[in-house]
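Residue numbers (the numbering used here): 1 to 422. C-beta: ideal position from N, C-alpha, C; glycine also. Note that the coordinates shown come from a computational prediction; the quantities given were computed from them, not determined experimentally. Here is the structure we will look at, set down as structure tokens.
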């Protein structure tokens, strides 16, 4: 049976951190020791594997990834109904809420390992992944959305669709530049303005997507991680003025926002009011729940959203299975689908696939050995392979456009050859 989702309030997070501090000696125990008997593997019993998650369910801006937890729960529920993994059920504890705060992210990681004794963290979805070093050192397999540098290199950390912000020597996913090129009818002679938050993730996004759009033939007229990460601006005029004059005094052909929904709503609304008629695009606003408010629907109307998985509108057997699993996990109700649900679902799916390959003798070491030669094909994110995914993305994706209150596929799910990143 799956345990209910638990959301931590600020006071509970502080209490958990205090409890962890009082038990620091546990962090010095061998990573495979669950404190019960010598040689025992943390989070693994004869009939169960304990897994937890870390998700930004609440944030200062109001942006939430809470649906990530439902997606993971749906995938684990089906796995258990099918007999678990090599005879062991998945005991999913639900996701800790890090509030998109570095201190809470690290506290959540320590709690899951030192108190809850998890074998793995899947999903992990936050732009603040400060607990990465602790989890890596503790030999805890982690699966999530690889939008931070922590997913690119560490041996125990896996992006469900690979590494999206690679270090030099890796590769770049070209789905977004190639998709916008198709929307615009080509990249030659076309310009883009790329804007992001002033954060580590934003700076990496500017760096990587800037190179990707340039490699696709675009002129990158503007590329700045200039928007405050902690709060949403109330006045976007300074940003829109810069963007609208960035292409040698003219507006660019496309504005690429590497930001979350509250920022995108403000930016796109301001650009439209300024008379901008070019292409607007972002990687986050694929969520039917956003359409409930008229102002939000109007702000996002016409925006092309980058997806790194099959669109919900796709006629695909795997997508049909995903929808059925979500419906069952939601108590038989048809709930609005979101990209965060799929993030959790595919994070869990990749963990389950590697755990199955590791066999009955499951340890951190056997799991890593299985991951080193893992590959499969035809998933909702395309073909997967490890450890390739720790240096580059799996290279597939699509664009959808919000039009007249509904999402439509503007560029079908396609796999593009990655380009070197140096």
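Residue 379 - containing beta strand (DSSP E), residue span: Within the chain shown, numbered from 1, the residue matching residue 379 stands at position 379. For residue 379, the enclosing beta strand (DSSP E) begins and ends at 375 to 379.
Do residue 326 and residue 299 have their CB atoms nearer than 8 Å? If you number the chain shown from 1, residue 326 lands on position 326. If you number the chain shown from 1, residue 299 lands on position 299. No, these two residues do not count as a Cβ contact at 8 Å.
Could you tell me which residues DSSP puts in a beta bridge with residue 304? The count along the chain shown starts at 1 and reaches residue 304 at position 304. Beta-bridge pairing by DSSP links residue 304 to 281, 401.
Stretch pair the segment 180 to 194 + the segment 156 to 170: three plus CB contacts closer than 8 Å: With a cut-off of 8 Å, the segment 156 to 170 and the segment 180 to 194 do not count as touching, because too few Cβ pairs lie within range.
Residue 346 by DSSP, collapsed to three states: which one? As a first step, residue 346 is located in the chain shown; it is residue number 346 there, counting from the start. Looking at residue 346 - three-state DSSP - the assignment turns out to be helix.
Give the straight-line distance between the Cα atoms of residue 310 and residue 332, rounded to the nearest whole angstrom. Here residue 310 refers to the residue found at position 310 when the chain shown is read from its first residue. Here residue 332 refers to the residue found at position 332 when the chain shown is read from its first residue. So the alpha carbons of these two residues sit roughly 23 Å apart.
Can you grab the Cα-Cα spacing for the pair residue 92 / residue 61, in whole Å? Taking the chain shown and counting its residues from 1, one reaches residue 92 at position 92. Taking the chain shown and counting its residues from 1, one reaches residue 61 at position 61. Going by the C-alpha atoms only, they are around 28 Å apart.
Return the bridge partner residues of residue 50 from the DSSP annotation. The sequence position of residue 50 within the chain shown is 50, counting from 1. BP columns for residue 50 point to 91.
Have a look at residue 263 and residue 232 and give me their C-alpha separation to the nearest angstrom. Walking along the chain shown from the start, residue 263 turns up at place 263. Walking along the chain shown from the start, residue 232 turns up at place 232. Going from the Cα of residue 263 to the Cα of residue 232 covers about 6 Å.
Please classify residue 196: does DSSP put it in a helix, a strand, or coil? By one-based count along the chain shown, residue 196 stands at place 196. In this structure, residue 196 counts as strand in the three-state DSSP scheme.
Tell me the DSSP secondary structure of residue 337 in three-state form. Start at 1 with the first residue of the chain shown, and residue 337 comes out as number 337. DSSP, read as helix, strand or coil, puts residue 337 in coil.
Just to confirm my understanding: we take residue 116, look at its own chain, exclude 5 residues before and 5 after, and list those with CB closer than 8 Å. What are they? As a working mapping, residue 116 is identified with position 116 in the chain shown. The beta carbon of residue 116 sits closer than 8 Å to those of 50, 52, 93, all from its chain and outside the five residues before and after it, given in chain order.
Measure the C-alpha to C-alpha separation of residue 179 and residue 131 and round it to an integer number of angstroms. By one-based count along the chain shown, residue 179 stands at place 179. By one-based count along the chain shown, residue 131 stands at place 131. One Cα belongs to residue 179, the other to residue 131, and the distance between them is close to 34 Å.
Taking three-plus beta-carbon pairs below 8 Å as touching, is the segment 360 to 373 in contact with the segment 276 to 289? Of all C-beta pairs linking the segment 360 to 373 to the segment 276 to 289, fewer than three are shorter than 8 Å, placing the two stretches out of contact.
Beta bridge counterpart(s) of residue 124 as assigned by DSSP: Taking the first residue of the chain shown as 1, we reach residue 124 at position 124. Note: residue 124 sits in a beta bridge opposite 54, 144.
Neighbour-count burial assignment, residue 69, 16 or more Cβ in a 10 Å radius: Residue 69 sits at position 69 when you count from the first residue of the chain shown. Of the other Cβ atoms in all chains shown, 16 or more fall within 10 Å of the Cβ of residue 69; this residue is therefore buried.
Quick one: any contact between the segment 132 to 144 and the segment 208 to 220, if contact means 3 or more CB pairs under 8 Å? They do not touch, by the three-pair rule.
Counting C-beta neighbours from all protein chains within 10 Å, is the total for residue 46 16 or more, i.e. buried, or is it exposed? On the chain shown, residue 46 is found 46 positions in, with the first residue counted as 1. That one is exposed.
Identify which residue in 368, 40, 206, 248 has its Cα closest to the Cα of residue 259. Counted from its first residue, the chain shown places residue 259 at position 259. Comparing Cα positions, the closest option is 206.
Quick check: what's the CA-CA separation for residue 313 versus residue 40? For the purposes of this step, residue 313 is identified with residue 313 of the chain shown, where counting begins at 1. For the purposes of this step, residue 40 is identified with residue 40 of the chain shown, where counting begins at 1. The alpha-carbon atoms of residue 313 and residue 40 are separated by roughly 45 Å.
Taking all protein chains shown into account, do 16 or more other C-beta atoms lie within 10 angstroms of the C-beta of residue 87, making it buried, or fewer, making it exposed? One-based indexing of the chain shown puts residue 87 at position 87. The residue in question, residue 87, is exposed, as its Cβ has fewer than 16 Cβ neighbours within 10 Å.
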